[in-house]
Ligand SMILES: Nc1ncnc2c1ncn2[C@@H]1O[C@H](COP(=O)(O)OP(=O)(O)OP(=O)(O)O)[C@@H](O)[C@H]1O
């Protein structure tokens, strides 16, 4: 750690959003580069920085700043440069000169304490004096808050957000109840607030802390897919994590319930504790599904059988009985779920349903939870599918950091029918937003494969709807894709039924490479993807066409290690490939990368059409086109869409030569390679391997340990998710019928 003090000579770069700054500081005779989240520094300012020397391949030695504070400029020249820097609204170089000429070393004190006196300077009237004083005060407060927050490890970006919310009250709020931040400033979680509180000597048994802690633990359970937590489990977790006695926690659970910040209700013989929004969403979804399902459209389609026949003749296809029934249910009911594994004809049915509606002039919209899924459906059906977010006309509110949907109860989606595909990926919040925008009189047709992994977000929506037995469901069991020689579909169904797949048949598309105990799975995978597969199948590109899907993140065959080894072989360093280190990885020009969280705000521009828009979503895969070290940006192409990532946003990107099976939901790849070995029990499940295998279009290669594969296929335990939707649908139907 080194300390230096000096005057800021130059700001080379400043990201206004997050405060990332590159500056040159005059320290004795040397000009030193400093980099870090130090938004408040400005030319002419005297600063003390604490940090460490790092070496940058292009810019050489520089100090990575951990802590920075302003030292008041002490010389007249220093004060003048500081005032002239443009930091204070109303003062430019000429005015700065005049102020310093008039007040000398007292200039800053005058601005702060006696701004009326500024009118003594030529060109400054009372209004301008006031403006200068205000701007100066704001800068001072921001600086104070930032210095204060820095000492608690809060980044500048977050610090600015906190300051914007509370202004000059910031310090007071933090001192009186830092836990307010968890509710009022997005991006601040319980752990950050708790760190500030501990540092301030806050009472660890206080009501504010315990309440915030309870809500934090509930939000953690949501991050694990649950919609609620049974009360006893919640209390136990709180005691462990907050280190507070049982009775204090129970007391605060009651208080939160009284304030309607959490809800407690009996679900499945559990006392279920919900965060407010999740409770309201579950309630709404159950009620709306039943209400919509009460509508029926039998009279509109009284000659459906003939119409389906006509469709069959026109399209040269003979639909199976269960397919015809599914179509009939879909067009006649207010809500209908169509579920089936790969190749059971879901897409075929969707096409027929759309045609039947179109024939009578009824409008249909088609949507899916992710961009990639929507694109795939567009390709397979020939009808344009949107993402659900787009269908709901999402608008992003920067201050909320959450999407707002324009389509809702007041302004519903205008269509006679809405068809949603890949519905296993819909979580409870998205279902809530979707249903809000479905008007009575619009049919909702939900299509998906219930045996895929459930949604990343909270809930078990598709499974709960089906298991409620209260909503019309059409189950498709027969596989139609058998006609071609593909084993992928057949094996996917075998796996789903708990049987071992047919492996390694000549001229087929499903292989298993068994390793003996001495071979490294990682090494063999690298050889397979970079040499053996491209040699075996001529038309495939190892980067673009092959996707490694690993059950896990860690370990020899986990995504993290595989990405490092695959990158070194498929995209090794070269002079012309710029690089940027980030955490334990290096991003390199041409790398395959994936967006790992929804970012509704980031801008894109199509290099083909010039169209501009916002939003890159969790699971989107792209390629690094360039790394611009000067502007501190990584430019990524997602198909034809160009997106610029500031270096401060890199936590949203990951290398994607290997991705987890969880992240692959809803996507398809030409060739899928899956490492199979023993790992954490919760990842050794049938629906995980089933989801992985069903992502492949042309070839599946499993590699690893046969016993592990067998174990996964036999292990049909579906990790329990606490969700009350099934119960609620049943109860709501009972209550009103
Ligand atoms: N009744 C039928 N007779 C003959 N072929 C059919 C029939 N129904 C569907 N198919 C064919 O079976 C294949 C799989 O059908 P489809 O793509 O509709 O299934 P899917 O359930 O959407 O599959 P996936 O979920 O894997 O995309 C297609 O080639 C389709 O043309």
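In full-length UniProt numbering, the protein residues as written are 1 to 737. We put the CB at the ideal spot given by N, CA and C, even for glycine. Computed from a predicted structure; not experimentally measured.
- Residue burial annotation: residue 60 is exposed, with fewer than 16 other C-beta atoms found within 10 angstroms of its C-beta.
- With respect to residue 622, residue 638 sits close: the two C-beta atoms are nearer than 8 Å.
- For residue 662, no beta strand (DSSP E) run applies, since DSSP gives it neither H nor E.
- For residue 699, the shortest C-beta to heavy atom distance toward ligand 1 is 7 Å or greater.
- Here DSSP, grouped into helix, strand and coil, assigns residue 581 to strand.
- For residue 346, there is no enclosing beta strand (DSSP E); the residue is found in the alpha helix (DSSP H) stretching over 346 to 359.
- At least one heavy atom of ligand 1 falls within 7 Å of the beta-carbon of residue 323.
- Counting along the chain, no beta strand (DSSP E) covers residue 247; the unbroken alpha helix (DSSP H) around it starts and ends at 246 to 258.
- Under the three-state reduction of DSSP, residue 594 is assigned to strand.
- A straight line joining the alpha-carbon of residue 691 with that of residue 714 spans about 15 Å.
- Around residue 53, the same chain offers 2, 61, 63 as residues with beta carbons nearer than 7 Å, after the five sequence neighbours per side are excluded.
- Judged by beta-carbon spacing, residue 338 lies within the 8 Å limit of residue 445, meaning their Cβ atoms are closer than that value.
- Short of 6 Å from the beta carbon of residue 672, and not among the five residues preceding or following it, lie these beta carbons of its own chain, in chain order: 547, 549, 695, 696, 700.
- Relative to the non-hydrogen atoms of ligand 1, the Cβ of residue 320 comes within a distance shorter than 7 Å of at least one.
- Per DSSP, reduced to three states, the secondary structure at residue 381 is helical.
- Taken through DSSP and simplified to helix, strand or coil, residue 534 comes out as helix.
- Taking each of 524, 661, 603, 617 in turn and checking the Cα distance to residue 635, the smallest one comes out for 603.
- For residue 452, the CB contacts under 6 Å within the same chain, skipping 5 residues up- and downstream, are 424, 691 in chain order.
- For residue 480, the Cβ falls inside the 7 Å cut-off from some heavy atom of ligand 1.
- Note on residue 492: 16 or more other CB atoms within 10 angstroms of its CB, so buried under the neighbour-count rule.
- Buried is the label assigned to residue 95, since at least 16 other Cβ atoms lie within 10 Å of its Cβ.
- Using a cutoff of 7 Å, the CB of residue 613 does not count as near ligand 1, since none of the ligand's heavy atoms is closer than that.
- At the C-beta level, residue 284 and residue 432 come within 8 Å of one another.
- For residue 342, the shortest C-beta to heavy atom distance toward ligand 1 is below 7 Å.
- Counting the other CB atoms within 10 Å of its CB gives residue 125 a total below 16, which places it among the exposed residues.
- Nearest neighbour of residue 593 by Cα position, chosen from 643, 556, 614, turns out to be 643.
- Set against 7 Å, the gap from the CB of residue 317 to the closest heavy atom of ligand 1 is smaller.
- Counting the other Cβ atoms within 10 Å of the Cβ of residue 616 gives 16 or more, which makes it buried.
- Taking residue 667 as the centre and dropping the five residues before and after it, the same chain places the C-beta of 372, 619, 695 closer than 7 Å to its C-beta, in chain order.
- Beta-bridge pairing by DSSP links residue 646 to 633.
- When only Cα atoms are considered, residue 289 and residue 329 end up about 15 Å apart.
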